[in-house]
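For what it's worth, my numbering labels the leading residue of the sequence shown as 15, then goes sequentially.
Report on the structure given below.
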Amino acid sequence: MNRRDFNRLLSLSGAVALGSGNTFSFLSPTQAANEENALEKNDIIPENWKLGISISGLTEYTQQEIDSIREAGFVCIEVSCGRLKEDDFTQNAMKKLKKQCERAGLEVWSVHVPFSGRENVAHLNEEARLRMLNIVTNYLKWGNELMDARTFVIHPSAEPIVDKDRPNAFAQSVKSLKVLHEKAKSMNSVLCMENIPRTCLANTSRETMELLAQIAPDMKMCYDSNHLLQETPEHFVDGIEKGRIFTTHISDYDWIDERHWLPFEGKTDWKLVIDALVRHGFTGPFLYECRRYRDGRTASYGEMAAIWQRILKEYREWQQKNV
């Protein structure tokens, strides 16, 4: 029974219980009616989003550290394979990390495929572009078979891209991502194109939508809240067609360049970001791609989970004032 049906059942006796997960609080019939109206408009409940974190797929972890991620309240991870390594090394690392996650009760939600100047699906050199298609195809296969991952994050280009090369880079990216999108679908997986900053492709909501639209009607994206240098994080979400955002990379920044700070360390207004994602129809996960405060200190996983609770609290308080 879902939350709405549970509320309706209890409302027959004049009291309604609302809550996230297994926690419920009883509201008056008037409060319940207001909540029910909100649910009719949008069933998106941020408290129900999975809490996740990106960790390196190339780092050795102890079982204790993986356990501590789950114990802090995280339920899923992204495995980031940013630097290309030898095939055997990558596959063995994936197998080991998957076993550790299984022991801890963590889901491997996504795999971030390699990215660099050479690992570039928009490469203007056709031989280099085709090489990258082979690399990504391997990661789709390994992530799927070795980690049971069904979501894959990919950059639409590398950088820098000079203005005269942008149309050709755009065309190369579309050509590559069309092929990889279909490969992912054939594996019952979802390929998500990430918005990335500076001169990269997909550095605005407009260009991101142009890319997505040309790749496929059902092409999804990874929303990175810290990569937006030409519009605010919430404005970007509003510029993306509903249903396109499938996963996230969450961090804060100074709006000058990407920083990968923890939320509340930069200029992002998190209640507006959550509101935009709710209106978009996003269903989670809220997945951190950061570990550090602005001063360079590394946060504990517990501190990061507490920051998510603060975001939810401030969003709900703001929402109540703006109903």
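Glycine included, every Cβ here is placed at the ideal spot set by N, Cα and C.
Between V89 and E116, the C-beta gap is not smaller than 8 Å, which leaves the two residues out of contact.
Closest option to E159, judged by alpha-carbon separation, among I59, L226, V125: V125. Contact check for C206 and T165: beta-carbon distance about 6 Å, within the 8 Å limit, so the pair qualifies. 8 Å or more divides the Cβ of V93 from the Cβ of V127. In the DSSP annotation of this structure, the continuous segment of the alpha helix (DSSP H) that includes W322 starts and ends at 315-335. Within the stretch 146-185, the complete beta strand (DSSP E) runs of at least 3 residues fall at 165-168.
A residue is called buried once 16 or more other Cβ atoms fall within 10 Å of its Cβ, and S200, having fewer, is exposed.
Comparing C-alpha distances from F296 to each of F260, L326, S171 shows the shortest one belongs to F260. Annotation for D162: K112, V122 place their beta carbon closer than 8 Å to its own, counting only its chain and skipping 5 residues before and after.
As a beta-bridge residue in DSSP terms, S68 pairs with E92. Distances from the alpha-carbon of Q228 to those of L242, K155, S190, A172 put S190 closest. The criterion of a C-beta distance shorter than 8 Å is not satisfied by T218 and P247.
Boundaries of the beta strand (DSSP E) around H263: 259-263. Beyond the five residues adjoining it in sequence on each side, R143 comes within less than 7 Å, by CB distance, of V135, H137, Q186, S190 in the same chain, given in chain order. The DSSP assignment places 121-126 as complete runs of the beta strand (DSSP E) inside the stretch 113-152, in order along the chain (cut-off: 3 residues). Under the DSSP assignment, K285 falls in the alpha helix (DSSP H) whose first and last residues are 284-294.
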